[in-house]
């Protein structure tokens with residue numbers, strides 16, 4: 001199938017501009033000004049779904065950073081995760097245990113679907129982002145990149161589980177969609193593998209910048225994020241167990 005009337009390209013450009021406006025509002029006014037009646041986040045999900053118009057390799061290529069089937073579906077799933085969390089934040093009026101447990105449910109369901117996709121399309125037991133090919137000769141830099149990607153993913157999930165600001169979920173969605181846009185640029189020869197890693201890494205810093213005040217002003221959220229990183233990367237505990245621990249720890253600490 002092809003991009004009928006260039007709808008995917010038009011939505012892609014529109015979404016990039018939309019990200020730019022919302023980040024501008026956030027840095028200038030401290031808010032992205034979303035509300036429960038705002039349908040603009042759904043356009044981002046439509047962009048991810050419209051990628052199904054294009055035929056992509058069933059399995060990843062070991063030498064080039066281009067979109068393959070597992071990543072294509074993961075992009076849709078994790079974009080959906082952010083959007084569900086955004087509307088959850090906007091529609092819930094009271095922060096109570098039900099609020100956090102339902103967020104946990106949203107996260108678990110999306111990660112379960114992502115695992116189903118990985119079980120079908122993953123090869124060589126590689127992760128979708130940490131094992132993206134590069135041409136970096138210095139292995140230490142390559143390993144630092146992988147650790148940063150892994151840490152950022154864990155911090156992002158922690159953020160989605162225990163924060164109540166829809167702007168955070170939108171910021172977390174940006175690197176997910178931006179990464180596939182960059183892969184399109186790699187496929188067309190505009191950038192190389194290393195440029196993909198550089199630009200993707202920079203996009204991952206945006207949620208940290210936006211959440212700087214949360215990180216520095218809330219010791220509880222900081223400690224729970226560090227606990228999540230420790231459990232997942234050092235102890236290698238099951239991620240669903242970790243999600244539950246993060247949620248219950250925050251509920252208990254908020255009493």
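Residue numbers (UniProt numbering): 1 to 255.
Cβ coordinates follow ideal geometry from the N, Cα and C atoms, glycine included.
Predicted model only: the values in this text are computed from it and were never measured.
For residue 251, the closest alpha carbon among the candidates 191, 85, 224 is that of 224. Assigned with DSSP and collapsed to three states, residue 87 falls in helix.
Note that the stretch 66-78 does not touch the stretch 100-107; fewer than 3 beta-carbon pairs, one per stretch, sit closer than 8 Å. Around the CB of residue 168, 16 or more other CB atoms lie within 10 Å, so the residue is classed as buried.
176 is the residue among 8, 176, 163 whose C-alpha sits nearest the C-alpha of residue 202.
Counted as a single uninterrupted DSSP element, the alpha helix (DSSP H) harbouring residue 115 occupies residues 97-121. The stretch 188-220 contains, as complete alpha helix (DSSP H) runs of 4+ residues, the segments 193-210, 212-217 (chain order).
In the DSSP assignment, residue 37 falls outside any alpha helix (DSSP H) and carries neither an H nor an E. Listed in chain order, the non-local C-beta contacts of residue 11 below 8 Å within the same chain comprise 43, 46, 47, 50, local neighbours out to five positions each way being set aside. Nearest to residue 174 by C-alpha distance, out of 193, 200, 162, 218, is 200.
Residue 107 sits away from residue 187, with the two beta carbons spaced by 8 Å or more. Burial of residue 197 is indicated by the presence of at least 16 other C-beta atoms within 10 angstroms of its C-beta. Proximity to residue 93 across 231, 59, 227, 164 peaks at 164, based on C-alpha coordinates. In the structure shown, residue 236 falls within a coil segment according to DSSP collapsed to helix, strand and coil.
Exclusion of the five residues before and after residue 34 leaves 166 as the residues of its chain whose Cβ lies within less than 6 Å of its Cβ. Per the C-alpha coordinates, the member of 172, 79, 136, 254 positioned closest to residue 219 is 254.
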